[in-house]
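If you're matching positions, the sequence shown starts at 1 in full-length UniProt numbering and goes up one per residue.
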Amino acid sequence: MAASALAVRAAPRILVDGRSGSGKTTLATELVRRHPEFQIVALDDLYPGWDGLRAGSDRALEDVLTPHAEGRVGRWRRWDWDTEAYAEEHAVQPDRPLLVEGSGVLTARSAVLADVCIWVDADADQRRTRALARDGATFEPHWERWARQEEEHLAAHDPLRWASAVVSLS
């Protein structure tokens with residue numbers, strides 16, 4: 001799929017969305033391993049805390065995707081989960097392919113800026129097991145709160161509607 005996006009334009013944009021623990025990061029990491037020319041931005045670095053799914057999605061659109069689509073350098077600041085504050089700034093070059101992954105990235109507004117939109121799906125129990133194995137005690141107290149934000153994203157934006165591909169990692 002990334003290879004076909006490369007054939008579309010010199011600096012394509014790929015979006016990877018899905019619920020927590022579905023395998024978004026695993027898929028994105030593998031795509032970038034196979035296509036190292038891609039810049040990767042993870043929404044985990046954009047969400048401003050446990051209530052920040054919508055804000056992270058907005059930041060991805062405004063600070064990363066829109067500038068890239070307009071041929072401008074995108075700039076975003078990483079959220080430091082330990083200090084609960086913004087940290088260093090990062091740049092996204094408009095002449096290099098871009099992959100943005102994270103819950104909430106796929107909306108009608110972001111889909112029109114992307115060449116490929118992927119929804120990653122997995123069984124709910126498997127997602128929870130994966131997410132808690134990955135993030136353990138850090139994520140567990142926030143699981144339900146985060147899941148509600150994902151439900152809001154699904155209801156408001158219907159990301160499956162915008163997906164050009166659905167990948168199941170169950």
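Ideal Cβ positions, reconstructed from N, Cα and C, are used throughout, including at glycine.
ask   = Would L99 pass as a contact of V16 if the rule is Cβ separation under 8 Å?
value = yes
request  = List the endpoints of the continuous beta strand (DSSP E) containing G74.
outcome  = G74 to D80
Bridge-paired residues (DSSP) for L99 = Paired residue(s): I14 and I40.
inquiry  = Determine whether the beta carbon atoms of A42 and P48 lie at a separation below 8 Å.
reply    = no
query = By Cβ distance below 8 Å, which residues in the same chain neighbour L169 in space, the five residues on each side in sequence not counted?
reply = S22, G23, T26, L27, V120, D121 and A122
ask   = How long is the line joining the alpha carbons of R59 and A133, rounded to whole angstroms?
value = 28 Å
task = Compute the distance between the beta-carbons of A165 and I118, then report whether it is under 8 Å.
result = Pairing A165 with I118 gives a Cβ-Cβ distance under 8 Å.
key: H90, DSSP secondary structure in three states   = strand
ask   = At what residues does the alpha helix (DSSP H) containing V32 begin and finish?
value = K24 to R34
ask   = Between A5 and the rest of its own chain, which residues show a CB-CB distance below 7 Å, the 5 nearest in sequence each way excluded?
value = With a pLDDT of 45 at A5, under the threshold of 50, the modelled position of this residue cannot be trusted; read the value that follows with caution. So the list reads P12, I14, D115 and V116, once near-sequence residues are dropped.
ask   = According to the neighbour-count rule (16 or more other Cβ atoms, all chains shown, within 10 Å of its Cβ), is V73 buried or exposed?
value = exposed
ask   = Any idea what DSSP makes of S110, helix, strand or coil?
value = helix
request  = Buried or exposed for V64, please, with buried defined as at least 16 other CB atoms from any protein chain shown within 10 angstroms of its CB.
outcome  = buried
key: Delimiting residues of the beta strand (DSSP E) encompassing A165   = A165 to S168
task = Using three-state DSSP, classify D121 as helix, strand or coil.
result = strand
Residues of its chain near A111, where Cβ-Cβ distance is below 8 Å and the 5 sequence neighbours each way are ignored = The beta carbon of A111 sits closer than 8 Å to the beta carbons of L15, C117 and W162 from its chain, once the five residues preceding and following it are set aside; these are given in chain order.
ask   = Under three-state DSSP, which class holds V64?
value = helix
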